[in-house]
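Here's the structure, in structure tokens; my notes come after.
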Amino acid sequence: MSYEDKIDIRQLNIWFGEKHVIRGVDLKIKANAVTAIMGPSGCGKSTLLRAFNRMNDVIKTSKTTGDVFIGEKNVYENGTNVYDLRRQVGMVFQKPNPLPKSIYENVAFGPKIHKMAKGKALDKVVEKSLRSAALWDEVKDRLNDSAFDLSGGQQQRLCIARALAVDPEVILMDEPCSALDPAATAKIEQLIRILSSDYTVVIVTHNMQQASRVSDYTVFLYLGKIIEQGKTKGIFENPQHELTEQYITGEFG
Amino acid sequence: MKMSNKTLNKISSFFVSLKSQPMTVVLFLCASFSIVILFLMLFFVAREGAYAFTKFGPDLLFGMQWDLESNVFGGFPLLFGSLLVTFGALVIAIPIGVSTAIFVSEVLPFHLRDPIKSIIELLASIPSVLYGFIGLLIVVPLMADIFGLPSGQTALTASLVLSLMTIPTIVSVSGEIISAVPKDYKEAALGLGATKWETIKSVVLPIAKSGILASIMLGFGRAIGETIAVSMISGNQAHVASSFLDAVYTIPAFIATHMGEAAVGSLEYSALFGLGLILLIITFIVNTLADVVVKRGVQR
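Going down the list, the protein sequences come from chains A and B. Mapped onto my numbering, the consecutive letters of the first sequence carry residue numbers 1 to 253. Mapped onto my numbering, the consecutive letters of the second sequence carry residue numbers 1001 to 1300.
Rendered as structure tokens:
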């Protein structure tokens, strides 16, 4: 594994009950870059993403074989602390899902449960995270308002701030803009570009334009298998596989 | 004048819309029916109780004496008995009921949840007289043994059995609400590395709290209105209980026992209706308070 690979997936297979969703995936993801996983609905892209922080564990019928290395550590090894893993590998979901708490408490929640900061230090973490998520100026005077009072786009940036507050190395985004309007989407995309200088970002999207706008590398997933992967520019300008070309040109989706 | 025309239009267009949709008419009638029943109930209970209320005023509520011979009817010991027994029942039932609901809908393995839920719902629908049997056979002697009392028929006995009756209601209603909390919100906490318990505490309970409160209200309604089981095990003495280990008489049990003997139209007859009205008003007040709390919770 070269030093710039952050995530290394080897022979990953995932089943939900009898359904074989991820079929023998091998994939390396570069550090401090944005990797987009794209593919038609139901191809397993969210499932693949959720394997990185073991969120598939929440679904009782799921079964996973293979290895996912984050840095030097295999997250599917026995004895992995999943709570610490999920701190290290943050996640932003499809629908903005703030906790039923104030704006401040949403961001402070992670540092609190992981006992990372309190008091003044916690205030600092909250401010820094909200600044990094480009939300601070909009909410600094109303930190004690309910998070549900924010607009959809603001809620999604709050969710990003919340993930940043626990000092992660990797940020997983599962179609983070699918519930947002174009203006809010543009803001999030801009943010993703900025975040990639400090974090390894993996984003799932079924929106090809979005993949081409925000990502450095693109993975095309189809029916649980990787069809093609490489630099985003290369994939979009010169796809090697017929399926990729058909997908990019909109023949199916 | 303009305003009233507008209102008139609204009302007439409402009835026109009723005409065009037969299903709407049926549903409208059903909905009105329950409201009508509620008002009729209030009306008749108030009408029958009016005689006693004009005669005794607040003394019907706060008087200490219920005496047929001197025609003095004061319901305080009964009111106190009802509130004491219900309070005791809820103190036991709320923590057990809510934690059981959390356990069944969040912690128990998936394949066990539905069978356990069915059993709990069955418990909620058992006729109350059977709970009275259980109380009489098991709880009454047990109380006498544990506390060394001549009779195990006490307020505590009634509270215990009532809590057995209210726990299933609280568990099944809160359980449904807790299961209905969207997965997205639980994943928000789990995705940050929260444990199951942290997720329950920070996401599930705050979102489900108004529904949990509603389940407690249903439990309260069942406890304060329970008649037969309570009258079988609470000792039925119309005095102000000195402790939970004293015998008590509750309003519903008292009404049920005395209604048959009271001459229709007599002062006692009217006083019993007065007690019923008090019960009705207590239920209204508690429900309204709960509504206010829930609405405030939703706004936040």
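A virtual CB, placed ideally from N, CA and C, is assigned to each residue, including glycine.
Practice task
Give the secondary structure of D174 (chain A) by DSSP, where H, G and I count as helix, E and B as strand, and everything else as coil.
Solution key: strand
Practice task
Taking I1255 (chain B) as the reference, give the member of B:S1172, B:S1034 and B:G1075 with the closest Cα.
Solution key: B:G1075
Practice task
Please name the residue in A:N56, A:N81 and A:R86 whose C-alpha comes closest to that of E169 (chain A).
Solution key: A:R86
Exercise for the section: Classify N81 (chain A) as buried or exposed, calling it buried when 16 or more other Cβ atoms lie within 10 Å of its own Cβ. Expected result: exposed
Practice task
Evaluate the contact criterion for the segment 1084–1092 of chain B versus the segment 1176–1190 of chain B: three or more CB pairs, one atom per stretch, below 8 angstroms.
Solution key: no
Practice task
Look at the alpha carbon of D181 (chain A) and the alpha carbon of V1286 (chain B), and state the distance between them as a whole number of angstroms.
Solution key: 44 angstroms
Practice task
Below 6 angstroms CB to CB, which residues in the same chain sit around A31 (chain A) once its five sequence neighbours on both sides are set aside?
Solution key: E4, K6 and T200
Handout entry: Sufficient close CB pairs (3 or more, under 8 angstroms) joining the segment 1190–1201 of chain B to the segment 105–116 of chain A
Key = yes
Practice task
With 9 angstroms as the threshold, decide whether the Cβ of G44 (chain A) is near any Cβ in chain B.
Solution key: no
Problem - Residues of its chain near A163 (chain A), where Cβ-Cβ distance is below 8 angstroms and the 5 sequence neighbours each way are ignored - result: G90, M91, V92, G110 and I171
Practice task
With 9 angstroms as the threshold, decide whether the Cβ of F1014 (chain B) is near any Cβ in chain A.
Solution key: no
Exercise for the section: Have a look at B:A1263, B:V1293, B:D1291 and B:L1245 and flag the residue whose alpha-carbon is nearest the alpha-carbon of P1150 (chain B). Expected result: B:L1245
Handout entry: Start and end residues, beta strand (DSSP E) containing M261 (chain A)
Key = With chain A represented from 1 up to 253, any question about residue 261 (chain A) goes unanswered, as that position is not in the structure.
Problem - Cβ neighbour criterion (16 or more within 10 Å) applied to L1079 (chain B) - result: buried
Practice task
Check K140 (chain A) in the structure and name its three-state DSSP category.
Solution key: coil
Exercise for the section: Assign G1211 (chain B) to buried or exposed, taking buried as 16 or more other Cβ atoms, counted over all protein chains shown, within 10 Å of its Cβ. Expected result: buried
Handout entry: Under 7 angstroms by beta carbon: chain A residues contacting A1290 (chain B)
Key = Those within 7 angstroms of A1290 (chain B) in chain A number zero; the least Cβ separation is about 19 angstroms.
Handout entry: Length-filtered (4 minimum) alpha helix (DSSP H) runs lying within the segment 166–240 of chain A
Key = 182–195, 208–214 and 232–237
Exercise for the section: Consult DSSP for E251 (chain A) and reduce its assignment to one of helix, strand or coil. Expected result: coil
Exercise for the section: Would you mind telling me which residues of chain B sit closer than 9 angstroms to Y76 (chain A), beta carbon to beta carbon, in chain order? Expected result: The premise fails here: Y76 (chain A) is roughly 17 angstroms from chain B at the closest Cβ pair, so nothing lies under 9 angstroms.
Problem - Sequence-distant residues of its chain with Cβ nearer than 6 angstroms to S2 (chain A) (five each side left out) - result: Below a pLDDT of 50, predicted positions are generally treated as unreliable, and S2 (chain A), at 47, falls in that range; the measurement from the model is reported next regardless. Correct list: empty, nothing qualifies.
Problem - Status (buried if at least 16 other CB within 10 Å, exposed otherwise) for T1100 (chain B) - result: buried
Problem - A1189 (chain B): contacting residues in chain A (beta-carbon distance under 7 angstroms) - result: L99
Problem - Min CB distance V1203 (chain B) to chain A below 9 angstroms - result: yes
Practice task
Give a yes or no on whether the minimum CB-CB distance between I1207 (chain B) and chain A is below 9 angstroms.
Solution key: yes
Practice task
Keeping to the same chain, check which residues put their C-beta closer than 6 angstroms to that of A1290 (chain B); ignore five residues upstream and five downstream.
Solution key: L1213 and M1217
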